[in-house]
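Reading through the structure tokens given below for one structure.
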Amino acid sequence: MKASEKAKRPPGEAAGADTAITGRDTAITGRDTAITDSDRVMTGSDTISLCIRKAGLLSTIQDQGRPNRAHWALSRGGAADPMAARLANLLVGNHPDEAVIELTGPGPQIANPCDLWLASYGAEHEVVLQELAGRPLRKTMTLPSHRPVFIPAGSLLQWRAPRRGWRSWIAIAGGLKTPSVLGSRSAHLASGIGGRRLQAQDRVELHPDVARISAERSLAALGAELGQRAARHGECAWPRWRIASTIPDGWPLLDLPVLQGRHWPALVEEARQALVDQIWTVSPQSNRQGLRLETSAKGEALNTSGLPLLASEAVHLGTVQLPPAGLPVILMGEHQTTGGYPRVLEVASAAYPMLAQAAAGSLIQFHLISLEEADRMSHAIQRLQVRVEQALQTKFGQTFHEMEPR
Amino acid sequence: MVDWQEHPLANRAARSLAAHLRQEPQSFCAEVVAGVRTMAMRLPEARDLQDPQQTARWREQARGWLEEKAKEALDWPAAAGSLRILQACYEASLAPDLPHVAERCGLSVGDVIRHHLDSAFVAEVIGFMPGFAYLGGLHPALNIPRRASPRHKVPEGSIAIAGNQSAVYPSSTAGGWHLIGCCPQRLFRPLQDPAALIQEGDQIRFERIGLEAFERLWSQR
């Protein structure tokens, strides 16, 4: 794909809003990198691409992000829940660092040109099969999530708005062949690096051997009888098991364990109490950069008198900033690397996956924990992750031994 | 985190210590970020799951190391930066906060622009987002606090001020500074080396351009 056409636009348009997704020679940061329709058409006979028929609310390509580049002012970004993206990959036998499609809220409608072994993990979406093997279905079918599913060529899938949770990650056996920028294929929307949000008619290039890889892995997971029948007759098939959802009990209420932030002591007593006692509502103006909080019924903006006026200093995923208006902001994976608002709380790293499931209107409650508790929780969640990963790797054994971690 | 507070060499020490940690990596440090008069270090993710105390031990090591080096860093010399000229268009349509800033400072819009052009800036800190540099040295007459509530979306290229600093937003993002103009140059190009136009320690001056020149340069970005 050549995305060389320049479009003149008034200043102030969204950054990175129209950067190409496929193609190796694409300019990556370009709010003025126009893509013509013909660019979107598959080029060359040896590429196989998913077709995004409808984009959904916000769908992007993500992997484990760009860690340890904060000194370039580049936050890690990547999948809003990196552990969930790893599990989605492992469900289809991919390397855990492979790129996936991240869905936010109502998801995309996707057409597949070839047989796929695909897994959707994260929120509880209803995944509806609207066409099967090139034929419209008189009665649509619902596909399960949190496990791999064999989908024959020529199908049309729609991810509906989630019943519980807000984000999901779709992994496809063999992975996505989108360009890597600064070591990652993640779209960092806040800085316009690494691609943009997916739009209708976009094509997402797949591994050239996706059909063979899907056939092999689905046969291994489903067994010869079910696997061969699905492939031969153009049917969907999936294993009976699924891995547990990570959507917290009580969603849309998220109970976040937090540590006192650097400027907590400067908050007046009344504001400290109100910060942790009241239930906050996630504002619709939230995104991959941060969750803006609003007051809920009976809640009120915090008294910020006494907080220092700061010069900018380092902030991180999970930092809770308090601007003078008294409404907290929780920083997400595409956070700014430095910020000048007082940092009153820090979300414990074990709770980062919960942040990924916060939707507009979700309720947030903070509860203070000690550093020792935060370490214990982090250790426990990592152990759990490793156990699930090992179980999945055992299940799909041989696909992994050859792969080296990135 | 190290906070040198009001020490006169605080910024230089923050930059030097961060550079030192990048050159000589320590096992307990995954990344470092220099701020204004501060420097923060992030611990690595614990890898040895048989050892629940790994994070706590790294934290202790990091504390001891930082305490010692924070004092030493005050004596380390600074590297000299190069001079860079940034174009600035102060046209009303690109400068939504200019009237408000003028009012807050008790100046005319023309005076605000003049003081901004007269300021000799230094890129004190690279932070916030790729290509963004905190430019210290803003004329004292323009020193006002940042907005009470950040804007959800600041237009790409916006020239902004807050406190004793100025900056250019490399792309559209949320931001809490006052917008007084727009710069047509691209500040971050990930496929080029170096990707960022402004490097830590560079000396920056703004040069005024009209709307016509701005639009021409903007279309060539």
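Each protein sequence line maps, in turn, to chains A and B.
With the working numbering applied, the first sequence covers 176 to 581.
With the working numbering applied, the second sequence covers 6 to 226.
Glycine included, each C-beta is placed from N, C-alpha and C at the ideal position.
Legend entry - Residues in the segment 22-40 of chain B having any Cβ partner in chain A nearer than 8 Å: A23, R27, A35, E36, V37, V38, A39 and G40
Legend entry - Contacting residues, own chain, Cβ-Cβ under 6 Å from A245(A) (five flanking each side not counted): For A245(A), where only same-chain residues beyond five positions count, the Cβ hits under 6 Å are T512.
Legend entry - Test item: CB-CB of L468(A) and T456(A) under 8 Å: yes
Legend entry - Proximity test, Cβ basis, 8 Å: T513(A) and chain B: Yes, T513(A) counts as interfacial toward chain B.
Inset, instruction - Spell out whether any CB of chain B is found under 8 Å from the CB atom of L373(A). - result: no
Inset, instruction - Grab the span of the beta strand (DSSP E) containing S343(A) for me, first residue to last. - result: R339 to I347
Inset, instruction - Look at P528(A) and M316(A) and say whether their C-beta atoms are less than 8 Å apart. - result: no
Inset, instruction - Say whether chain B places a C-beta atom closer than 8 Å to the C-beta of V563(A). - result: no
Legend entry - Below-8 Å beta-carbon distance, T569(A) vs any chain B residue: no
Inset, instruction - Give a yes or no on whether 8 Å exceeds the smallest Cβ distance from S124(B) to chain A. - result: No, because no Cβ of chain A sits closer than 8 Å to the Cβ of S124(B).
Inset, instruction - Determine the closest residue to E301(A) out of R338(A), G329(A) and V275(A), with distance taken between C-alpha atoms. - result: It is R338(A).
Legend entry - Residues near E445(A) by beta carbon distance below 7 Å, same chain, minus five either side: N478
Inset, instruction - Mark T60(B) as exposed unless 16 or more other C-beta atoms lie within 10 angstroms of its C-beta, in which case mark it buried. - result: Buried, since its Cβ has 16 or more Cβ neighbours within 10 Å.
Inset, instruction - Return the first residue and the last residue of the beta strand (DSSP E) that R89(B) is part of. - result: L88 to A93
Legend entry - Cβ-based neighbour list, A298(A), same chain, cut-off 7 Å, excluding 5 preceding and 5 following: Excluding sequence neighbours, A298(A) sits near P337, R339, G340, W341, R342, S343, I422 and Q532.
Legend entry - Near-chain B residues of the segment 356-387 of chain A - C-beta to any C-beta below 7 Å: Result list: V356, L357, A365, S366, G367 and I368.
Legend entry - DSSP three-state assignment for R562(A), whether helix, strand or coil: Helix at R562(A).
Legend entry - Local conformation of Q66(B) per DSSP, three classes: helix
Legend entry - DSSP three-state assignment for H542(A), whether helix, strand or coil: strand
Inset, instruction - Using the Cα positions of L373(A) and V379(A), report the straight-line distance between them to the nearest angstrom. - result: 9 Å
Legend entry - Same chain only: Cβ atoms within 7 Å of R17(B), ignoring 5 sequence neighbours per side: A83
Legend entry - Residues bridged to T317(A) (per DSSP): V303(A)
Inset, instruction - State the Cα-Cα distance for the pair R335(A) and G514(A), rounded to the nearest angstrom. - result: 36 Å
Legend entry - Helix, strand or coil at Y527(A) according to DSSP, with G and I counted as helix: Here DSSP, grouped into helix, strand and coil, assigns Y527(A) to helix.
Inset, instruction - Kindly say whether R558(A), judged by its beta-carbon, lies nearer than 8 Å to any beta-carbon of chain B. - result: yes
Inset, instruction - With 8 Å as the threshold, decide whether the Cβ of L140(B) is near any Cβ in chain A. - result: no
Legend entry - Among D102(B), D80(B) and I131(B), the one whose alpha carbon lies nearest that of A486(A): I131(B)
Inset, instruction - Check whether the segment 181-198 of chain B touches the segment 63-73 of chain B, counting contact only when three or more Cβ pairs, one atom from each stretch, lie closer than 8 Å. - result: no
Legend entry - Whether F126(B) touches L140(B) by CB criterion (8 Å): yes
Legend entry - Same chain, Cβ closer than 8 Å to L249(A), neighbours up to 5 away in sequence not counted: R241, L357, H363, S366, I368 and T512
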